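First up is the structure itself, then whatever we jot down about it.
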Amino acid sequence: MKPEGLGPVRWGRRNTPPGVRRPVVSAVRRPSMTDHASQRIIVRATPERCYETVLDVERLPEWAPDIKEAEVLVRDDLGRPGDVAFRAAAMGRSTNYTLRYTYGSNPLRISWRLVEGDLLRRMSGGYEFLAVEGDADAALVVYDLDVDLIIGLPGFVKRRLEAKVVHAAIDDLKARIEVGAPTS
């Protein structure tokens with residue numbers, strides 16, 4: 005409905021045309037929006053060594069500065085972590101969450117999903133460690149993460165938080181393996 009000879013009509017609260025119902029915006033519930041992060045990096049170590057470093061979740065606080073505690077609650081039949089409880093620094097406070105680790109048919113892939121958490125609605129992700137063709141002492145590390153927070157955050161804050169998580173997952177892992185110390 006554009007009156008002749010005028011620019012575009014912007015319908016607001018006061019000038020909504022008769023018979024047109026404005027959508028009701030609810031502050032109670034927002035649609036679930038999962039954010040995805042993915043990164044790849046070459047690490048100067050075998051895929052097996054990378055896998056073993058990530059699998060040693062109890063030592064994660066030594067090289068991922070935001071992880072304050074990691075406790076294996078359940079192990080699978082092969083002794084690998086099953087359910088793991090974490091306490092981490094997040095947005096100026098402490099957060100607690102439990103992840104369930106799974107291992108598929110690919111022997112160099114680790115996946116996880118959220119069991120429970122105080123700031124997280126959903127979280128799943130994983131690492132995959134691939135051999136680099138022509139270089140026996142290098143691995144391609146592939147990291148994926150999907151997160152849905154309970155609280156809404158502005159886009160720039162989410163991107164900053166995402167960058168920090170990916171940094172710990174990739175760059176600090178690389179430093180731990182290649183140098184023996186985190187980069188942060």
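Under our numbering, residues 5 to 188 are what the sequence shown spells out, in order.
All C-beta atoms, glycine included, are put in the ideal place defined by N, C-alpha and C.
These numbers come from a predicted model, not from an experiment.
| query | result |
| --- | --- |
| Environment of L77 [buried if 16+ CB atoms lie within 10 Å] | exposed |
| For V58, the first and last residue of its enclosing beta strand (DSSP E) | Premise fails: V58 lies in the alpha helix (DSSP H), 51-59, not in any beta strand (DSSP E). |
| Inter-residue Cα distance where the pair is A89 and E75 | 5 Å |
| Endpoints, the alpha helix (DSSP H) within which R180 is located | 177-182 |
| Option in E132, A94, E182, I114 with minimal Cα separation from P69 | A94 |
| Boundaries of the alpha helix (DSSP H) in which P65 is found, first to last residue | 64-67 |
| Identity of the residue in I154, V170, S98, D141 nearest I181 by Cα | D141 |
| Cβ neighbour criterion (16 or more within 10 Å) applied to L64 | buried |
| Residues near T57 by beta carbon distance below 7 Å, same chain, minus five either side | L177, R180, I181 |
| Extent of the continuous beta strand (DSSP E) run through R97 | 97-106 |
| Among L153, I114, D81, the one whose alpha carbon lies nearest that of T106 | I114 |
| P51 classed as buried or exposed, judged by whether at least 16 other C-beta atoms fall within 10 angstroms | buried |
| Proximity below 8 Å, CB of D87 to CB of T99 | no |
| Distance between V47 and E132 (C-alpha atoms, nearest Å) | 12 Å |
| Same chain, Cβ closer than 7 Å to G130, five either side skipped, listed in chain order | R113, I114, S115, W116, D148 |
| Nearest candidate by alpha-carbon position, reference G184, set C54, D39, S128 | C54 |
| Top-ranked residue by Cα proximity to V60, from R79, S128, Q43, D122 | In the sequence on display, residue 60 carries Asp and not Val. Comparing Cα-Cα distances from D60 to each of R79, S128, Q43, D122, the minimum goes to R79. |
| CA nearest to the CA of T73, picked from R84, A92, R126, L144 | Going by the sequence as given, residue 73 is Glu instead of Thr. Cα-wise, what sits closest to E73 is A92. |
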